[in-house]
Amino acid sequence: MKTEPCPWCLGDDEYVEYHDREWGVPSRDPQHLFEMLILEGAQAGLSWLTILRKREGYRRAFEGFDVNRIAAYGAGDVKRLLADAGIVRNRLKVNATIGNAQAFLELEAGEGFSEFLWDFVDGVPKQNRWRKLEQVPASTPISDAMSKELKRKGFRFVGSTICYAFMQSVGMVNDHLTNCPRYPVVAEMGS
């Protein structure tokens with residue numbers, strides 16, 4: 001079988017770099033998981049490439065995704081963020097990030113953010129075997145359940161489609177196509 005990268009990343013060097021180094025790699029680091037959940041939520045209505053290109057702007061604007069600092073943001077911070085061209089200047093998304101940091105801290109103080117998320121896949125990445133991009137779902141019953149529980153815990157911009165994209169990005173599911181050279185590498189990382 002001929003190997004080639006997943007077709008969604010072709011045509012842009014940043015996309016290829018993200019695909020080849022990060023997408024699908026299992027992550028259990030709470031701060032990285034928080035960052036990716038925020039970025040996936042910021043994507044709502046936009047392309048992932050738009051968010052990828054603003055990623056460093058997000059890291060700068062949200063102080064390296066320091067959850068404790070973000071949770072304490074007030075009106076002045078919201079005003080600063082809404083004036084920052086390095087991020088998506090959407091009041092609902094900015095306020096959701098602050099609220100999500102607060103919800104994160106509550107969850108982290110209890111069962112733990114990473115543990116909570118990884119429990120949806122019983123702690124082990126799901127190894128899908130898609131051959132064509134058209135086979136990859138936009139959401140699943142697992143992402144439906146994750147979305148429902150995150151919302152119940154106070155998170156926003158965490159619909160099922162956002163949750164599934166998040167699961168793909170942090171390696172909770174391996175959705176590299178089976179003929180992608182990254183498929184076996186990511187599968188091995190998840191075993």
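Residue numbering for the sequence shown follows the UniProt record's numbering, starting at 1 and increasing by one per position. Yeah, the Cβ is synthetic: ideal placement off N, Cα and C, and Gly gets one too.
Extent of the continuous alpha helix (DSSP H) run through residue i
i, result
"Ser114", "113-118"
"Arg55", "48-61"
"Pro125", "Run containing Pro125: none; DSSP gives neither H nor E here."
"Leu81", "75-82"
"Glu4", "Segment: none, Glu4 is in no alpha helix (DSSP H) and carries neither H nor E."
"Val25", "Note, Val25: premise wrong, no alpha helix (DSSP H); not H, not E."
"Asn68", "67-71"
Cβ distance (whole Å) where residue i is taken to contact residue j below 8 angstroms
i, j, result
"Arg182", "Asp20", "7 angstroms"
"Ala44", "Ile142", "That belief does not hold up - the Cβ atoms of Ala44 and Ile142 are roughly 20 angstroms apart, past 8 angstroms."
"Cys6", "Leu117", "Their Cβ separation, rounded to whole angstroms, is 23 angstroms, which puts Cys6 and Leu117 out of contact at 8 angstroms."
"Leu81", "Ala101", "Contact flag wrong, Cβ pair sits at about 13 angstroms."
Simplified DSSP state of residue i, which is helix, strand or coil
i, result
"Asn174", "strand"
"Gln31", "helix"
"Lys132", "coil"
"residue 199", "Since the first residue of the chain shown is 1 and the last is 191, residue 199 is not available in this structure."
"Leu10", "coil"
"Arg156", "coil"
"Asn90", "coil"
"Pro181", "coil"
"Pro141", "helix"
"Gln168", "helix"
"Ala187", "helix"
"Ala42", "helix"
"Gly110", "coil"
"Ala85", "coil"
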